[in-house]
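Residue numbers (the numbering used here): 1 to 369. Every residue, glycine too, gets a C-beta built ideally from N, C-alpha and C. Since we're looking at a predicted model, the values are computed, not measured.
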Amino acid sequence: MASAPESAVDSPALHVDRVSKTFGDTVAVREASFEVERGEIVALLGPSGCGKSTTLRVLAGFEHPDEGVVRINGETAVDASVWHPPERRRIGMVPQDFALFPHLSVADNIGFGLSSGHHAWWRRPLRRLRGVEAPPRVREMLELVGLEDFGERFPHELSGGEAQRVALARALAPQPAAVLLDEPFSNLDQNLRASLRLAMRNILKSANTAAVFVTHDREEALSLADRVAVMRDGTIEQIGAPDDIYYRPGTRFIGTFVGDANILPGQRVRGGAETELGFVILGNQSAVEGSDSFDILLRPEQLALKPTDPSDPASARVISSEYYGHDQVVRVRLPSGAEVETRLRTEVVWHPDDSVSVVVLDDAVGFPR
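Have a look at this one:
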């Protein structure tokens, strides 16, 4: 395997600069720019058709961009005059369906591509592999993904989570500059996803490999990634740490897409905004600079409830309460008729028609109307 150029030492594993891709009159990706460092996990998050899968295919070399530059470990893979095919990019790919070879064992699947030529280890007839020790790198990958005793099994003998880990081990085996994952949990049972997200994150961090994965699931993006790039209509609207994306969204679309949100009208006052819930501090004053009226966003967990006298005309009323044990989601109708959703701990259980006041616990963000 060719070693990375010396310039790669101080370069990000992936550098994407103003990449664009169109299909006929449709703009799939518009001037996408971002970087991924070694050992970093970046999620491309967005609704269907936003361009995230096309961006992944451009990085892998499956699509030729119309414009832009892609560098891998400091080496140019794509620009105005260069286009390296997939096999030259040192990129590992985990497809949505895992694409394991059904006639090869787990060890053979992982060893695929480690060596080439007529005498490649994985090319030997399967009946001759019984008792043949796998190469050290294959054994290392089996251990990394926690499948040390699964080397001689075949894909049809694996669970969905086990198959996913084999596909990831196969992508990591050649020591790529980066691994790309296309909707990695879409084919898995909902009950397995949370534990498998943690397992995948631990595997990628142990391998110290840059990773980019695409998803439309906000929980997957926020829990697995070090940074999240939110895409809409082919454009990356914001990229940042999960808590920044969640609590300090750059646009109204991001605010409502990445989590449950309460949107209320606000009027500018010194230091923040006046709302039906009272005074709130704005965490993004500059975003609404020059506007006297705008909308504010508050997450359900940024609100609390207090009991009030039912005869008080300023009281709000509980509409519904969903109890989950560890917390509860309580929907409240304000005196104006507007409704807000709160997410609360369960020391106090609220019931429909309870009289309450709503308390703001944290800074809000504002968006122009």
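For residue i: DSSP bridge partner residues
i, result
"F23", "T26"
"Q238", "V230"
"L297", "I263 and V365"
"V399", "The question about residue 399 has no answer here: the residues shown for the chain are numbered 1 through 369."
"G272", "V269 and I281"
"V329", "E322 and R343"
"L45", "T215 and V230"
"A99", "According to DSSP, which records beta bridges pairwise, A99 is partnered with nothing at all."
"A316", "V356"
Residues near residue i in its chain [Cβ-Cβ closer than 7 Å; skip 5 each side]
i, result
"A261", "G255, L297 and R299"
"F23", "none"
"M141", "I110, A169, L172 and A173"
"F98", "A163, Q164 and A167"
"P125", "Unreliable placement is indicated for P125, whose pLDDT of 44 sits below 50; the coordinate value is still reported in the next sentence. Contacts found: none."
"E274", "G266 and Q267"
"V36", "P12, A13, L14, V42, A178, A210 and V212"
"E219", "none"
Cβ shell of residue i (< 8 Å), same chain only, five flanking positions each side left out
i, result
"R30", "S20, G51, D233, G234 and T235"
"S293", "P265, G266, Q267, R268 and R369"
"G160", "N187, L188, D189 and L192"
"V356", "L305, K306, P307, T308, S315, A316, R317, V318, V332 and W350"
"I91", "L59, A60, G61, I72, P176, A177, A178, V179 and L180"
"I284", "Per the sequence shown, residue 284 should be read as Asn rather than Ile. Once the five neighbours on either side are set aside, the close Cβ partners of N284 are R248, V365 and G366."
"E339", "I319, R331, V332 and R333"
"P65", "V19, S20, K21, V29, V58 and V78"
"S321", "Q328, V329, V330, R331, V349, W350, H351 and P352"
"L224", "I41, A43, R197, M200, R201 and F213"
Counted within 10 angstroms of its Cβ, other Cβ atoms place residue i as buried (16 or more) or exposed
i, result
"F150", "buried"
"V16", "buried"
"G131", "A caution first: G131 carries a pLDDT of 44, below 50, which makes its placement in the model too unreliable to give a value."
"Y247", "buried"
"S11", "buried"
"S206", "exposed"
"E183", "buried"
"P310", "exposed"
"V359", "exposed"
"T342", "buried"
"S81", "exposed"
"G68", "buried"
"A194", "exposed"
"G325", "exposed"
"F185", "buried"
"F373", "The structure shown does not extend to residue 373, since the chain is modelled only from 1 to 369, so the question has no answer here."
"S116", "In this predicted model, S116 has a pLDDT of only 44, less than 50, meaning its place in the structure is not dependable; the value taken from the coordinates is given anyway. Burial call: exposed."
"F279", "exposed"
"G290", "exposed"
"L198", "exposed"
"T26", "exposed"
Where residue i sits in the DSSP three-state scheme
i, result
"A287", "helix"
"T256", "helix"
"P404", "Residue 404 lies beyond the residue range present for the chain, which begins at 1 and ends at 369; the question has no answer from this structure."
"R218", "helix"
"A107", "helix"
"A13", "coil"
"S53", "helix"
"A225", "coil"
"A163", "helix"
"E35", "strand"
"H351", "coil"
Close-in-space but distant-in-sequence residues of the same chain around residue i (CB under 6 Å, 5 per side omitted)
i, result
"G61", "P85, P86 and R89"
"V106", "F150, G151, R153 and V166"
"I281", "G272 and D363"
"P102", "P155"
"Q238", "V230, G250 and I254"
Residue i CB to nearest heavy atom of the ligand COA below 7 Å
i, result
"R137", "Among the components modelled here there is no ligand, and therefore nothing to report on the ligand COA."
Min CB distance residue i to chain C below 8 Å
i, result
"G151", "Of the protein chains in the structure, only one exists, and it is not chain C."
At 3 residues or longer, what runs of the beta strand (DSSP E) sit wholly inside the region 166-213? 178-182
Whole beta strand (DSSP E) elements within the region 59-93, 3-residue minimum: 67-72 and 75-78
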